[in-house]
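Q: This is the structure, below, for whatever I ask next.
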Amino acid sequence: MLLRLQGISKRFGREWVIRNLSFALERGETVALVGPNGSGKTTLLRLMAGLLKPTRGRVEREGRALFLPNPPAFHRHLTAREHLLYDLAFHGREGDWQGALRRFGLPEEVPLAAFSSGMKKRLALVRLTLLAPDVWLLDEPETALDGEGRALLIGILREARRSAGVVLATHDRALASEVADRTLVLGGV
Amino acid sequence: MRAPRVGKAVQAPGRDGEGMGAVRRIWLLAWRDLRLEVRDRAGLLSVLAFFSVMLFIMALALGPEEEPLRRAAPGVLWVALAFGSTLLSTRAFALEVEDGTLDDLLLTPGGKEWIYFGKLLFQMFLLLPLSLLALLMAAGLFYLPLDRLLPLFLTLLLGVLGYTSVATFYAGLLARLRGREVLLPLLLFSLVVPVVLAAVRATLGLVEGLPLEEVQNWWQLLLVFDVVYLTASALLFPVVLEG
Amino acid sequence: MLKTAQPERPDTLTWVFLGLGLLLLPVGLYLALAAPPDVNQGYLARIMYLHVPGAWLGYLAFFVTFLYSLLYLFRQNPRYDRVALASAEIGLVFMGLALVTGMLWARPTWGVYWTWEPRLTTTAILFAVYVGYFLLRGAIEDPELRAKAAAAVGILGFINVPISYMSVKWWRSLHQTQSIDLTTGKIHMDPAMLQALLFNLLVFTLLYLGFVRFRALLAVLEARREEA
Chain A
7 MLLRLQGISK RFGREWVIRN LSFALERGET VALVGPNGSG KTTLLRLMAG
57 LLKPTRGRVE REGRALFLPN PPAFHRHLTA REHLLYDLAF HGREGDWQGA
107 LRRFGLPEEV PLAAFSSGMK KRLALVRLTL LAPDVWLLDE PETALDGEGR
157 ALLIGILREA RRSAGVVLAT HDRALASEVA DRTLVLGGV
Chain B
7 MRAPRVGKAV QAPGRDGEGM GAVRRIWLLA WRDLRLEVRD RAGLLSVLAF
57 FSVMLFIMAL ALGPEEEPLR RAAPGVLWVA LAFGSTLLST RAFALEVEDG
107 TLDDLLLTPG GKEWIYFGKL LFQMFLLLPL SLLALLMAAG LFYLPLDRLL
157 PLFLTLLLGV LGYTSVATFY AGLLARLRGR EVLLPLLLFS LVVPVVLAAV
207 RATLGLVEGL PLEEVQNWWQ LLLVFDVVYL TASALLFPVV LEG
Chain C
25 MLKTAQPERP DTLTWVFLGL GLLLLPVGLY LALAAPPDVN QGYLARIMYL
75 HVPGAWLGYL AFFVTFLYSL LYLFRQNPRY DRVALASAEI GLVFMGLALV
125 TGMLWARPTW GVYWTWEPRL TTTAILFAVY VGYFLLRGAI EDPELRAKAA
175 AAVGILGFIN VPISYMSVKW WRSLHQTQSI DLTTGKIHMD PAMLQALLFN
225 LLVFTLLYLG FVRFRALLAV LEARREEA
């Protein structure tokens, strides 16, 4: 068991965003998280990552979880190479960052301020593959990606499920049916 | 600025928070933040300008006789440093909040103490040069004698360390709050009174040519403050920052 | 201080503390005014019957805030945060009383309202810390983050007391020597004065306990309204 949520609820102010939800994720599993805007998908991902604490209930995690926000966040004054090297060092890992950047068609020495949103999304995926977490938590990973980027995304998600568990929030049903083993539907308001 | 080498990181997964790994991560984080700050430029330059203008105006207000200026110099030096550095303190976490990367930092494996120490070191990188500049300006504008430079350095180091240990903690605590620029000095100043008093007295003692044994008491007080607040902040930081 | 079944109204103990405190307050006042005047200071010394209990309870209250802040950080139980908050608020009132009475006493005695004397300065610093404590609480909307941040300020602020005291003491040292020296246990005071002082201390303590319990209950109701 990589991740287990037991009867969690989350409230912001007076608003309950998530009510009494239970969920479990196994290694080798990909789960699509679908639901309309405001149904709590991002909140749920952040709860799974441990970036938020549930108002009620418990979250148990084994191994490392990483969360990919939408849009992805980077230091704009660093280049892709610098950013990845720092990330690898902070996480105590090594990896072929040059090869990964080449595979995703990204320049090494351009400040990230000059990256388009699609390039940033690609870089975020490169970062995830290099850091290789046990639990991948992705918030709308398909947005801003072109056809080639989308194909790369599907490729790495398939690679990821071999050794990890994946939860992705998405509005893209085609993507969900292509990569996910099951779907978790969050009801709207 | 040259990139620091990111060499072999051979660590057991899940235990990267300890030992050499942690020291290296702290150093890298401080170095990275310094690069970000230098490349951003705007923040640093405005603090330097503010700082110089403040010292200049105080010298004008208290001058022009040499003796009262020299008497006032240590007090002015540390008050200017305290004000100037609150402007820099919020930077430690503002860098992360502006770029939205604080979450990435919080998701790194191991404890979160290393983030505190990394940010602390970054603050020291910014503040030590600033305090040296302040010392030189005080020498020029306030006739502060610099003949006991080494003890003066020690006072600066101890004082700045004490100040930064609290400032970094509060900057992290307030990182995501909107009113942080106003709240930080408010919370900070009431805590760092002992640092400012001890540092001013030590500096004054050095300027007036007191024997080092008498200055030593103040250094000890600074050291006690530094140790107490470094420990307390490092212990509280992970609790306050998580989730 | 609040049982599992969250009560809607103050329990008996709270009423007892508050009732006794308020009932005995005039008695304390009578004792204070009936006590013999001081040999040196004359009638002026009577301000002590307000000043000393105010200062003691202010420090006690902030110490309680410090303890409950620590407890909150370790246990994450909102109850601890409410007690810390209540105690800090009451502490601020008592501390304010001590500062004002102190200044009123200082003017005829030392000729100035304010001096940079260690105990005075330390108290003023502590007062400022807790003003910051409430401003911080006001600035944070998320209840959990608010509690954590406030706890950190409550802890660091209190750790600062001995260090501030030392630094100001060395920096400049004219306060009235303490009347009750806790380290040696020697008491330099007329028995009648001491009785009046201890009685007032008791009254203030009862009021403190009553107020804190009452305030913590209000905090429960506030939290419930925030959630509902």
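Chains as they are written, first to last, in the working numbering: chain A, 7 to 195; chain B, 7 to 249; chain C, 25 to 252.
Every residue, glycine too, gets a C-beta built ideally from N, C-alpha and C.
#1: Contact criterion: CB-CB distance below 8 Å. Does residue 44 of chain A meet it with respect to chain B?
#2: Report yes if the C-beta distance between residue 38 of chain C and residue 238 of chain C is below 8 Å; otherwise report no.
#3: Beta carbon of residue 108 of chain C, beta carbon of residue 85 of chain C: below 8 Å?
#4: Between residue 151 of chain C and residue 125 of chain C, what straight-line distance do the alpha-carbon atoms span, to the nearest angstrom?
#5: By Cβ distance, which residues of its chain are closer than 6 Å to residue 129 of chain C, with the 5 residues on each side in sequence left out?
#6: Extract the residue ranges of the alpha helix (DSSP H) inside the stretch 102-150 of chain C, only unbroken runs of 4 or more that lie entirely within it.
#7: State the start and end residues of the unbroken beta strand (DSSP E) segment that holds residue 62 of chain A.
#8: Is the separation between the beta-carbon of residue 154 of chain A and that of residue 176 of chain A shorter than 8 Å?
#9: Based on the DSSP secondary-structure assignment, which residues constitute the bridge partners of residue 36 of chain A?
#10: What is the C-beta distance between residue 141 of chain A and residue 101 of chain A, in whole angstroms, given that I count them as a contact (C-beta under 8 Å)?
#11: Given a cut-off of 8 Å on the beta-carbon distance, is the pair residue 164 of chain B and residue 228 of chain B in contact?
#12: Please determine if the stretch 218-235 of chain C and the stretch 73-90 of chain C are in contact, where contact requires at least 3 C-beta pairs separated by less than 8 Å.
#13: Using DSSP with H/G/I as helix, E/B as strand and the rest coil, what is residue 145 of chain A?
#14: Does the beta carbon of residue 193 of chain C sit closer than 8 Å to a beta carbon anywhere in chain B?
#15: Could you check whether residue 36 of chain B and residue 127 of chain B sit closer than 8 Å to each other, using their CB atoms as the reference points?
#16: Which word fits residue 88 of chain A, buried or exposed, when buried means at least 16 other C-beta atoms lie within 10 angstroms of its C-beta?
#17: Is there at least one non-hydrogen atom of the ligand ZN closer than 7 Å to the beta-carbon of residue 65 of chain A?
#18: Would you kindly work out how many angstroms separate the C-alpha atoms of residue 143 of chain C and residue 194 of chain B, rounded to a whole number?
#19: Using 10 angstroms around the beta-carbon of residue 36 of chain C, count the other beta-carbons present and answer buried if the total reaches 16, otherwise exposed.
#20: Cβ of residue 246 of chain C less than 8 Å from any chain A Cβ?
#21: Where do the ends of the alpha helix (DSSP H) carrying residue 66 of chain B lie?
#22: Of the choices C/140, C/241, C/176, whose alpha-carbon is the least far from that of residue 98 of chain C?
#23: Should residue 120 of chain B go down as buried or exposed, given a rule of 16 or more other Cβ atoms within 10 Å for buried?
#24: For the stretch 217-233 of chain B, which residues have a beta carbon sitting closer than 8 Å to at least one beta carbon of chain C?
#25: Apart from the five residues just before and just after residue 49 of chain C, which ones in its own chain have a Cβ nearer than 7 Å to its Cβ?
#26: Report yes or no: is there a C-beta of chain B within less than 8 Å of the C-beta of residue 185 of chain C?
#27: Could you tell me the distance, in whole angstroms, from the CA atom of residue 74 of chain B to the CA atom of residue 169 of chain B?
#28: Could you give the DSSP three-state label for residue 7 of chain B: helix, strand or coil?
#29: Tell me the residue span of the alpha helix (DSSP H) that contains residue 184 of chain A.
#30: For residue 192 of chain C and residue 145 of chain C, I'd like the C-alpha separation in whole angstroms.
#31: Under the three-state reduction of DSSP, which class applies to residue 167 of chain C: helix, strand or coil?
#32: Apart from the five residues on each side of it in sequence, which residues of its chain come closer than 7 Å, Cβ to Cβ, to residue 40 of chain B?
#33: Cβ of residue 55 of chain A less than 8 Å from any chain B Cβ?
#34: Examine chain C for any beta-carbon lying closer than 8 Å to the beta-carbon of residue 16 of chain A, and answer yes or no.
#35: Thinking C-alpha only, which one of C/214, C/90, C/106 is nearest residue 185 of chain C?
#36: Throw me the rounded Cβ distance for the residue 79 of chain A and residue 107 of chain B pair, which I believe falls under 8 Å.
A: Quick look at the numbers:
#1: Taking the first residue of the first sequence as position 1, residue 44 of chain A is located at position 38. No, because no Cβ of chain B sits closer than 8 Å to the Cβ of residue 44 of chain A.
#2: Looking up residue 38 of chain C in the third sequence gives position 14. Looking up residue 238 of chain C in the third sequence gives position 214. Yes. Within cutoff.
#3: In the third sequence, residue 108 of chain C corresponds to position 84, counting from 1. In the third sequence, residue 85 of chain C corresponds to position 61, counting from 1. No, these two residues do not count as a Cβ contact at 8 Å.
#4: The residue you call residue 151 of chain C lines up with position 127 of the third sequence. The residue you call residue 125 of chain C lines up with position 101 of the third sequence. Taking the straight line from one Cα to the other gives about 15 Å.
#5: As a first step, residue 129 of chain C must be located in the third sequence, where it is residue number 105. For residue 129 of chain C, where only same-chain residues beyond five positions count, the Cβ hits under 6 Å are 71.
#6: 102-134
#7: Counting from one through the first sequence, the residue named residue 62 of chain A turns up at place 56. Run containing residue 62 of chain A: 62-67, per the beta strand (DSSP E) assignment.
#8: As a working note, residue 154 of chain A is residue 148 in the first sequence. As a working note, residue 176 of chain A is residue 170 in the first sequence. Cβ atoms of residue 154 of chain A and residue 176 of chain A: not closer than 8 Å.
#9: Translated into the one-based positions of the first sequence, residue 36 of chain A becomes position 30. Answer by DSSP bridge pairing, in chain order: A/172.
#10: In the first sequence, counting from the first residue as 1, residue 141 of chain A sits at position 135. In the first sequence, counting from the first residue as 1, residue 101 of chain A sits at position 95. Their Cβ separation, rounded to whole angstroms, is 18 Å, which puts residue 141 of chain A and residue 101 of chain A out of contact at 8 Å.
#11: Along the second sequence, read from residue 1 onward, the residue named residue 164 of chain B stands at position 158. Along the second sequence, read from residue 1 onward, the residue named residue 228 of chain B stands at position 222. Cβ atoms of residue 164 of chain B and residue 228 of chain B: closer than 8 Å.
#12: Of all C-beta pairs linking the stretch 218-235 of chain C to the stretch 73-90 of chain C, three or more are shorter than 8 Å, placing the two stretches in contact.
#13: Reading the first sequence from its first residue, position 139 is the one you call residue 145 of chain A. Residue 145 of chain A: strand per DSSP, three-state reduction.
#14: Indexing the third sequence from 1 puts residue 193 of chain C at position 169. Not one chain B Cβ lies under 8 Å of residue 193 of chain C.
#15: To locate residue 127 of chain B, count along the second sequence from 1; it is residue 121. To locate residue 36 of chain B, count along the second sequence from 1; it is residue 30. It is a contact, given that the beta carbons lie within the stated cut-off.
#16: For the purposes of this step, residue 88 of chain A is identified with residue 82 of the first sequence, where counting begins at 1. With 16 or more Cβ atoms within 10 Å of its Cβ, residue 88 of chain A is classed as buried.
#17: Annotation note on the ligand ZN: not contained in the displayed structure, which lists no ligands.
#18: Translated into the one-based positions of the third sequence, residue 143 of chain C becomes position 119. Translated into the one-based positions of the second sequence, residue 194 of chain B becomes position 188. Near 20 Å, if we compare the C-alpha coordinates of residue 194 of chain B and residue 143 of chain C.
#19: Residue 36 of chain C sits at position 12 when you count from the first residue of the third sequence. So residue 36 of chain C ends up on the exposed side.
#20: Numbered from its first residue, the third sequence carries residue 246 of chain C at position 222. Not an interface residue.
#21: Within the second sequence, the letter at position 60 stands for residue 66 of chain B. Run containing residue 66 of chain B: 48-68, per the alpha helix (DSSP H) assignment.
#22: Within the third sequence, the letter at position 74 stands for residue 98 of chain C. Scanning C/140, C/241, C/176 for the CA closest to the CA of residue 98 of chain C turns up C/176.
#23: Start at 1 with the first residue of the second sequence, and residue 120 of chain B comes out as number 114. Here residue 120 of chain B is buried. Its C-beta has 16 or more other C-beta atoms within 10 Å.
#24: 223, 224, 227, 230, 231
#25: As a working mapping, residue 49 of chain C is identified with position 25 in the third sequence. The answer, listed in chain order, is 227.
#26: By 1-based counting over the third sequence, the position of residue 185 of chain C is 161. With 8 Å as the cut-off, residue 185 of chain C does not count as an interface residue toward chain B.
#27: What you label residue 74 of chain B is simply residue 68 of the second sequence in a count that begins at 1. What you label residue 169 of chain B is simply residue 163 of the second sequence in a count that begins at 1. C-alpha separation (whole angstroms): 27 Å.
#28: Numbered from its first residue, the second sequence carries residue 7 of chain B at position 1. Low local confidence applies: a pLDDT of 38 at residue 7 of chain B is under 50, so the model's placement there is unreliable, and no value is given.
#29: As a working note, residue 184 of chain A is residue 178 in the first sequence. Taken as a continuous stretch (DSSP letters only), the alpha helix (DSSP H) holding residue 184 of chain A covers 179-185.
#30: Numbered from its first residue, the third sequence carries residue 192 of chain C at position 168. Numbered from its first residue, the third sequence carries residue 145 of chain C at position 121. Near 7 Å, if we compare the C-alpha coordinates of residue 145 of chain C and residue 192 of chain C.
#31: Against the third sequence, residue 167 of chain C aligns to sequence position 143. Helix, per DSSP.
#32: Here residue 40 of chain B refers to the residue found at position 34 when the second sequence is read from its first residue. Within the same chain, residue 40 of chain B has close Cβ partners 128, 131.
#33: As a working note, residue 55 of chain A is residue 49 in the first sequence. At least one chain B Cβ lies under 8 Å of residue 55 of chain A.
#34: As a first step, residue 16 of chain A must be located in the first sequence, where it is residue number 10. Judged by the 8 Å Cβ criterion, residue 16 of chain A is not in contact with chain C.
#35: Taking the third sequence and counting its residues from 1, one reaches residue 185 of chain C at position 161. Selection C/214, C/90, C/106 evaluated against residue 185 of chain C yields C/90 as nearest (Cα-Cα).
#36: Your numbering for residue 79 of chain A matches position 73 in the first sequence. Your numbering for residue 107 of chain B matches position 101 in the second sequence. Indeed they touch by this definition, with Cβ atoms about 5 Å apart.
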